[in-house]
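Asker:
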Amino acid sequence: MTVSEFLSKKFEKLAPYTPGEQPQDKSYIKLNTNESPYPPSEAVARAVTKTEIDDLRLYPDPECRGVRSVIAEKYGVEPKNVFISNGSDETLSFAFMAFCDEEHPVVFPDISYGFYEVYAQLYGIPYKKMPLKTDFSVDVNDYTACGANVVIANPNAPTGLCICVEDIRKILETNKNNVVLIDEAYVDFGGESCVELVHEYDNLLVVRTYSKSMSLAGARLGFAIGSEKLIGDLNTIKFSTNPYNINRISLIAAECAMKDEDYYKDKIGKITNAREYTIQELKKSGFSVTDSKANFVFAKHDKISGEKIYNSLKDKGILVRWFNSDRIRDYVRISVGTHENMECLIKALNEILEAVE
Ligand SMILES: *Cc1c(COP(=O)(O)O)cnc(C)c1O
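The sequence shown: position 246 = 240 (this note's numbering), numbered continuously.
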C-alpha cells in the first residue's frame, strides 16, 4: 500500500488486512475465502421483488427491527440483545472502537483472524498476541484474569480448532471488568456456541456472520449477541459512524434466510461430510491436518512447502489460501466446497506430490 503526504501521521505504519484473492472470472475452483459452495435458500431469491427494488429509493431501517427480532427468537434472547452489522467485520471494528483503549488493552491468539491486529493498530489500541501452544490449541490460563479485553475466534481460523464453553466461562468469570468477544464465524460447522452464556455474563459479546454457513458473503451481514449494555455501546458507535449500515436488500435477505433453517442445515451437513472426506484423503496422502470443526481444513506436507502447494494448485485452477507468516508458513488453508470440488482438489494434490517425489 502506498502512503501519500496527505495521510494522517497516525496511519503511516498501518498494515491493512489482505483479503483472499477474488478473481472476477469463474475459471477457478475457489477454495480460498471460506465461502459456501451453495447458493442462499430460495426464500431469499423470492424476497427480492420489484417492490423491494422500487423501495431502494427509501433509506433502510436504521434499527434493523425485522431481522433483529428473527435472530432474537432463534437464539432465545430479546431484540435489544442483538446488533446487526455490515459483515461481522463491522461488528469487530465497532467493538474494538467501543471497548478498547489505553486502559483496556486487548489480547488475542498469535495465530488467528488477521483483522484483530489490524483493528488494534487502526485505533491505536495496545495489544498482545498470546502464543498458541505448539499444537495450535488455546491455553486458557493465558486469558484467565488477564486484565485485558479478550478476543478469541471459536473455532479458530485458520486452524479450525475449538475451545470448550467451560473454558470460555473461566475467562468470563475472571475478567468481569473486561469484554470477552467470542467470534463464532464458523461455529455452525461443528463448534460449541457460548451464546447461552449471554444470560449469565454481561461482559460477553458473541459475534456471528451470514458469510460462511448461510451463503451470504456477498450481502455483507453479521450480527452480535450480548447484554443490553454492550449492544447499546455498539449502537452508540454505529449511530456515530453510519446509521444506515445495512442496505434494504441485505436486510430482507437476512430476515428470510434466518427462517430457512432446514435448507442451511442440509448444506452444512454436506459441507461437514466433505470436510471429513477431505481430511481422510489428505492424511492418506501424507498430510498433517488439524482437527478442524470449520468449513476449511488446515494442512501441511513434509515434502512440499505451503507456498509451493498454493502455487501448484493455482496453476491447476484451484485457489487456496497460504499465509506467509511465522509458525504457519508450511500450511495451506483449504475451504471446503462440494464433494466434487474436494475430489478435484485431492486429485490435483496427488499429482503435485507425485511430481516432487
Ligand atoms: C470470515 C470471518 C469473519 C468476517 O466475516 P464477514 O464476512 O465480515 O461477516 C470474521 N471472523 C472470522 C474469524 C472470519 O473467518
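Glycine is no exception: its CB is placed at the ideal position from the N, C-alpha and C atoms.
Would residue 34 be called buried (16 or more neighbouring beta carbons within 10 Å of its own) or exposed?
Answerer: The residue is buried, with at least 16 neighbouring Cβ atoms inside 10 Å.
Asker: Since residue 203 sits in a beta bridge, which residues does DSSP pair it with?
Answerer: According to DSSP, which records beta bridges pairwise, residue 203 is partnered with 216.
Asker: Can you tell me whether residue 118 is buried or exposed? The criterion is at least 16 other CB atoms within 10 Å of its CB, across all chains shown.
Answerer: Exposed, by the Cβ-count rule.
Asker: Could you tell me the boundaries of the alpha helix (DSSP H) in which residue 244 lies?
Answerer: Its alpha helix (DSSP H) spans residues 242 to 253.
Asker: At 3 residues or longer, what runs of the beta strand (DSSP E) sit wholly inside the segment 284 to 326?
Answerer: If we require 3 residues or more, the beta strand (DSSP E) runs fully inside the segment 284 to 326 come out as 290 to 294.
Asker: Would DSSP call residue 76 helix, strand or coil?
Answerer: Strand at residue 76.
Asker: Taking 6 angstroms as the limit between beta carbons, can you name the residues of its chain near residue 216, skipping five residues before and five after?
Answerer: Result list for residue 216: 79, 81, 82, 85 and 203, in chain order.
Asker: Of the residues 300, 341 and 309, which one's Cα is nearest the Cα of residue 278?
Answerer: Of 300, 341 and 309, the residue nearest in Cα terms is 341.
Asker: Measure the CB-CB distance between residue 126 and residue 284 and report whether it falls below 8 angstroms.
Answerer: No; because the gap between Cβ atoms is not below 8 angstroms, this pair is not in contact.
Asker: Helix, strand or coil: which one does DSSP assign to residue 147?
Answerer: In this structure, residue 147 counts as strand in the three-state DSSP scheme.
Asker: Have a look at residue 208 and residue 41 and give me their C-alpha separation to the nearest angstrom.
Answerer: Cα-Cα distance, rounded: 16 angstroms.
Asker: Roughly how far, in whole angstroms, is the beta-carbon of residue 73 from the beta-carbon of residue 96, given that I think they are within contact range, below 8 angstroms?
Answerer: At roughly 34 angstroms, the Cβ-Cβ gap does not stay under 8 angstroms, so residue 73 and residue 96 are not in contact.
Asker: Using C-beta distances below 7 angstroms, list every residue in its chain close to residue 14, excluding the 5 sequence neighbours before and after it, in chain order.
Answerer: Correct list, in chain order: 26, 27 and 315.
Asker: Spatial neighbours of residue 161 within its chain, please: C-beta separation below 7 angstroms, excluding the five flanking residues on both sides.
Answerer: Correct list, in chain order: 134.
Asker: Is any non-hydrogen atom of ligand 1 found closer than 7 angstroms to the C-beta of residue 104, if you look at the structure I gave you?
Answerer: Flag unset: Cβ of residue 104 not near ligand 1.
Asker: Do the CB positions of residue 247 and residue 198 come within less than 8 angstroms of each other?
Answerer: Going by C-beta atoms, residue 247 is not nearer than 8 angstroms to residue 198.
Asker: Span of the alpha helix (DSSP H) holding residue 223?
Answerer: Note, residue 223: alpha helix (DSSP H), 222 to 235.
Asker: Counting only runs that start and end within the segment 112 to 138, where is the beta strand (DSSP E) found for 3 or more residues in a row?
Answerer: Taking only runs of at least 3 residues, the beta strand (DSSP E) segments lying wholly in the segment 112 to 138 are 121 to 124.
Asker: What does DSSP give as the partner residue(s) for residue 177 in the beta ladder?
Answerer: BP columns for residue 177 point to 147 and 201.
Asker: What would DSSP say about residue 4, mapped onto helix, strand or coil?
Answerer: Residue state, collapsed to three classes: helix.
Asker: Please look up how many angstroms separate the CB atoms of residue 90 and residue 113, rounded, as I've assumed it's under 8 angstroms.
Answerer: Correct: roughly 4 angstroms between the Cβ atoms.
Asker: When we look at the beta-carbon of residue 147 and count the other beta-carbons within 10 Å, is it buried (16 or more) or exposed?
Answerer: Residue 147 comes out buried.
Asker: Using 8 angstroms as the Cβ pair cut-off and three pairs as the minimum, do the segment 212 to 229 and the segment 57 to 76 touch?
Answerer: With a cut-off of 8 angstroms, the segment 57 to 76 and the segment 212 to 229 count as touching, because enough Cβ pairs lie within range.
Asker: Pairing CB atoms from the segment 230 to 248 with CB atoms from the segment 47 to 59, are three or more of them under 8 angstroms?
Answerer: Judged by Cβ distances under 8 angstroms, the segment 230 to 248 makes contact with the segment 47 to 59, as three or more pairs qualify.
Asker: Under the criterion of a Cβ to heavy atom distance below 7 angstroms, does residue 366 qualify as lining ligand 1?
Answerer: Nothing about residue 366 can be reported from this structure: the residues present for the chain run from -5 to 351 only.
Asker: For residue 295, count neighbouring Cβ atoms within 10 angstroms of its own Cβ and tell me buried if that reaches 16, exposed if not.
Answerer: Looking at its Cβ environment, which holds 16 or more other Cβ atoms inside 10 Å, residue 295 is buried.
Asker: Pull up the distance between the alpha-carbon of residue 5 and that of residue 98, whole angstroms please.
Answerer: The straight-line gap from Cα to Cα measures roughly 21 angstroms.
Asker: Taking all protein chains shown into account, decide if residue 305 is buried (16 or more other Cβ within 10 angstroms of its Cβ) or exposed.
Answerer: The residue in question, residue 305, is exposed, as its Cβ has fewer than 16 Cβ neighbours within 10 Å.
Asker: Considering only C-alpha positions, which residue in the set 254, 64, 303 and 287 is nearest to residue 323?
Answerer: When only C-alpha atoms are compared, the closest one is 303.
Asker: Considering Cα atoms alone, identify which of 290, 313, 249 and 308 is closest to residue 39.
Answerer: The candidate whose alpha carbon is nearest that of residue 39 is 249.
Asker: Counting only the same chain and skipping the five closest in sequence on each side, list residues whose C-beta sits under 8 angstroms from that of residue 310.
Answerer: Closer than 8 angstroms at the Cβ level, and outside the excluded window around residue 310, lie 342, 345 and 346.
Asker: Among 262, 21, 332 and 312, whose alpha-carbon lies nearest the alpha-carbon of residue 184?
Answerer: That would be 262, whose Cα lies nearest to the Cα of residue 184.
Asker: Report yes if the C-beta of residue 206 is less than 7 angstroms from at least one heavy atom of ligand 1; otherwise report no.
Answerer: Checking the Cβ of residue 206 against ligand 1 gives yes.
Asker: Mind checking residue 29: buried by the 16 CB within 10 Å criterion, or exposed?
Answerer: Under this definition residue 29 is a buried residue.
Asker: Return yes when the Cβ of residue 332 is within less than 8 angstroms of the Cβ of residue 268, no when it is not.
Answerer: Yes, the pair counts as a contact, with Cβ atoms nearer than the cut-off.
Asker: Determine which residues share a DSSP beta bridge with residue 103 and list them.
Answerer: Answer by DSSP bridge pairing, in chain order: 124.
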